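Asks: Position 261 of the sequence shown, counting from 1, maps to 505 under our numbering, and the rest follow consecutively. Take a look at this one; I'll ask things after.
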Amino acid sequence: MLEVSNLNKINPDSNSYLLDNMTFHIPKGHICGLIGENGAGKTTLMRTLMGLYSSSGSIVIDGCDMRLNEAAAKERLGIVFADDGFFDGNMRLWQIGKFYGQLYHSFNMELYLNYIEEFGLDKKQKYKRLSKGMKTRTQLAFALSHNAKMFLFDEPTAGLDKHFREKFLKICTELVADGEKSILIATHITEELDRIADYIAYMQKGRMLFYTESYKMCERFRIVTGEDYKCNLIPDEAVVYKEKNTYSTSAMVVNSKWYRIEDGLEKHIPDIREFMYYFVKGGEKNAEAIAEKYFKE
């Protein structure tokens, strides 16, 4: 569905890489969560995939090469961004459908207006008058109305209330259920990715540090908690990061049979939030070494 090969983007001011030789593939019918610290390049990647930024390398969306047939490739994209998006703020919601819908051969105005109503929006309201969450709902209604195949969601649930956030996650799982659509979603609310992501892509300073199936990412590690001296018995090479708390010590360690976790230490599989916390705390060099050793397949 989405094939990215040797993607590079250079900052012309500093001649440094904003995106550095990124290669990954999201198959049809799957959801990929894009994670990383602030400034890692997630939004830059999203906007480059949309064709908004110049770059070198290859971007192929549902068989359409962005360089060879940009219009056809963009036609296949459904986009929701956390900011105001690309709509004219002075337009009313029905006008947005009428005007921007002309850019897509498969845009369905009736379907768009149905989503506007379903999402609790007033089609006569001006876009600039909407709250952040309602602007996101409008973008989602539009993205769902032109037969897109690849969806790019950048912090889509920011500003959404709890009820609509649940609705959004349900929409995501329904979108990919037919096996013909895929989603790349960047979010800081990693609990959402625990629920819906099939793959995880981790970015660090413009590089794709690793790309793997979500269950494999967390399954490779354990969070252990207990007395300090017992945690210190774990070999250093197995420890991603360790921190001492008031009454105990916690660490994320590699799940392996070559060493023994002492009796009395609590252990569990990390969720994505816990993984990110310890992975980032361990430092960039350590993260690179772990990615090279455990995520290169």
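From the three backbone atoms N, C-alpha and C, an ideal C-beta is built for every residue, glycine too. Predicted, not measured: the structure shown is a model, and the values here were computed from it.
What is the rounded straight-line gap between the Cα of glutamate 281 and the Cα of leucine 262?
Replies: Going by the C-alpha atoms only, they are around 14 Å apart.
Asks: Which residues share a DSSP beta bridge with glutamine 369?
Replies: Beta-bridge pairing links glutamine 369 to no other residue.
Asks: Could you spell out where the alpha helix (DSSP H) holding alanine 495 opens and where it closes?
Replies: From DSSP, alanine 495 is part of no alpha helix (DSSP H) but of the beta strand (DSSP E) over 493-498.
Asks: Quick check on the DSSP output: what are the complete alpha helix (DSSP H) runs of length 4 or more inside the segment 270-346, in order along the chain?
Replies: With a minimum length of 4 residues, the continuous alpha helix (DSSP H) runs that stay inside the segment 270-346 are 286-293, 314-319 and 337-344.
Asks: Would serine 299 be called buried (16 or more neighbouring beta carbons within 10 Å of its own) or exposed?
Replies: Flag for serine 299 reads buried.
Asks: If you draw a straight line from the C-alpha of leucine 542 to the C-alpha of threonine 287, how long is it?
Replies: No answer is possible for residue 542: the residues shown for the chain start at 245 and end at 541.
Asks: Give the straight-line distance between the Cα atoms of tyrosine 371 and alanine 445, rounded to the nearest whole angstrom.
Replies: In a straight line, the C-alpha of tyrosine 371 is about 33 Å away from that of alanine 445.
Asks: Rounded C-beta distance between leucine 278 and isoleucine 429? I'm assuming under 8 Å.
Replies: Indeed they touch by this definition, with Cβ atoms about 7 Å apart.
Asks: If you draw a straight line from the C-alpha of glycine 355 to the C-alpha of glycine 341, how long is it?
Replies: The sequence given here has leucine at residue 355, not glycine. Spanning the two alpha carbons is a distance of roughly 10 Å.
Asks: Identify which residue in Gly470, Ile534 and Phe519 has its Cα closest to the Cα of isoleucine 505.
Replies: Isoleucine 505 has its Cα closest to that of Gly470, out of Gly470, Ile534 and Phe519.
Asks: Alpha helix (DSSP H) containing leucine 355: first to last residue?
Replies: From DSSP, the alpha helix (DSSP H) with leucine 355 extends over 353-362.
Asks: Which residue marks the beginning of the alpha helix (DSSP H) containing isoleucine 534, and which one marks its end?
Replies: Where isoleucine 534 is concerned, the enclosing alpha helix (DSSP H) stretches over 528-538.
Asks: Given a threshold of 16 other Cβ atoms within 10 Å of its Cβ, counted over all protein chains shown, does arginine 439 qualify as buried or as exposed?
Replies: Answer is exposed; the Cβ neighbour count stays below 16.
Asks: Which ranges does the alpha helix (DSSP H) cover as unbroken runs of at least 4 residues, wholly within the segment 403-472, from first to last along the chain?
Replies: Taking only runs of at least 4 residues, the alpha helix (DSSP H) segments lying wholly in the segment 403-472 are 406-420, 434-440 and 458-463.
Asks: Between Asn259, Asn358, Arg451 and Gln346, which lies nearest to threonine 267 when the distance is taken from Cα to Cα?
Replies: Ranking the options by Cα distance to threonine 267, first place goes to Arg451.
Asks: Which of helix, strand or coil does DSSP assign to threonine 401?
Replies: The answer is coil: DSSP assigns threonine 401 none of H, G, I, E or B.
Asks: Which of the three DSSP states, helix, strand or coil, is assigned to aspartate 480?
Replies: In this structure, aspartate 480 counts as helix in the three-state DSSP scheme.
Asks: Please classify threonine 401 as buried or exposed, where buried requires at least 16 neighbouring CB atoms within 10 angstroms.
Replies: Threonine 401 comes out buried.
Asks: Return helix, strand or coil for glutamate 520, following the three-state DSSP convention.
Replies: Residue identity differs from the one stated: residue 520 is methionine in this sequence, not glutamate. Three-state result, methionine 520: helix.
Asks: For the beta strand (DSSP E) containing lysine 253, name the first residue and the last one.
Replies: Note, lysine 253: beta strand (DSSP E), 246-255.
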